[in-house]
Each structure stands twice: as structure tokens, then as C-alpha cells.
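Counting along the sequence shown from 1, when you hit position 54 you're at 54 in this note's numbering, and nothing is skipped either side.
Every residue gets a Cβ at the ideal spot worked out from N, C-alpha and C, and that includes glycine.
What follows is a single structure, written as C-alpha cells, with notes after it.
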Amino acid sequence: MWSRRSVVDYGLAKRAAVRSLRSGRVSTADVCDAHPYLLRAARYHGEPTDRICPVCEKRNVTNVTYVYGDQLGKATGRVKASSELAAMAREYGEFRVYVVEVCQGCSWNHLTVSYILGTGEPPDHTDSARRRVPER
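Structure (C-alpha cells):
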């Protein structure tokens, strides 16, 4: 996406978590602890992937994409389809995107990537400022 910036890839953290699980330093219960709301979001709003779950190795993980930003208003904290992000990036100055992979079988979940989208321009408050000041 053209406006994608400040990308943080959590792949190293994911590999460390899986390595800790396989070495016995942490239990399956420690890493397979998805909140019921996250599992529900994955089921109804998530996007299927072709990546197999690194824990149970039985099901493919599902990506759940959340958006956060002051300019989003009531839409902040909502799940969005990746197809909606391009239009949002043209409409808003800046918002952060978080992509979480979720296994609906064993409840594995891990933040995979976060990044900022948007035009990079500050919000235009001129119209709202004009509406608040009564004309004389």
C-alpha cells in the first residue's frame, strides 16, 4: 500500500514464542490464550490464510486486522477487512493498523505486524470550525 509506513514486524517475537513452547519453557496454555472476542472476530470477520498454526499444526491461522486512530472516531478499535484499508488510507490523515493471527482450533494468537496508514496530512478542521462560530 502506498502510504504504509512505520512498519513493525513481530516475526522474531513469534519465532521466540514458538521456540519457548517447543523447548518446554512455556506451556501451551501460556501461548494459546486468545480472548473469546478475538476468537469471535476471527470467526466472523477474519481473513483466512494459507499459513498453518505453529502450535497445533492442524488448522490455518486467520488474520484479524484492527484499526486505531484519533481521526477514526467511532471506527477506532474496529476490525476491518484488508480491502477496506486503501480507501481509509486516502480518507484519513493517520491511523495505525494491527494484524493478529489467530488459530480458531487451539486459540494461538500473535500480533504479526503493525503499521501506519493515511495521507500524512493533519485533519482538516476548517469546516467544523466554521459551523461552530455563528455568523453575524
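Item                                                                                                                                                                             : Value
Using CA atoms only, rank isn't needed, just tell me which of L117, N109, P122 and Y98 is closest to K14.                                                                        : N109
Using DSSP's beta-bridge definition, name the partner residues of P48.                                                                                                           : T62
Mind checking whether S114 and R96 have CB atoms under 8 Å apart?                                                                                                                : yes
Could you tell me the boundaries of the alpha helix (DSSP H) in which T28 lies?                                                                                                  : T28 to V31
S151 by DSSP, collapsed to three states: which one?                                                                                                                              : Shown here, the chain extends from 1 to 136; a query on residue 151 therefore has no answer.
Take Y44 as the anchor and find which of E57, V102, G118 and D33 has the nearest alpha-carbon.                                                                                   : V102
Out of curiosity, what's the CA-to-CA distance linking N60 and R19?                                                                                                              : 19 Å
Got a sec, what are the start and stop residues for the alpha helix (DSSP H) E84 sits in?                                                                                        : S82 to E91
For D127, which three-state DSSP category applies?                                                                                                                               : Note that D127 has pLDDT 49, beneath the 50 cutoff, so the model's placement of it is unreliable and no number is given.
Which stretch, first to last residue, makes up the alpha helix (DSSP H) that contains V18?                                                                                       : G11 to S23
Could you name the residues of the same chain whose beta carbon sits closer than 7 Å to that of D9, not counting the 5 residues immediately before and after it, in chain order? : V113
Could you check whether E121 and G93 sit closer than 8 Å to each other, using their CB atoms as the reference points?                                                            : yes
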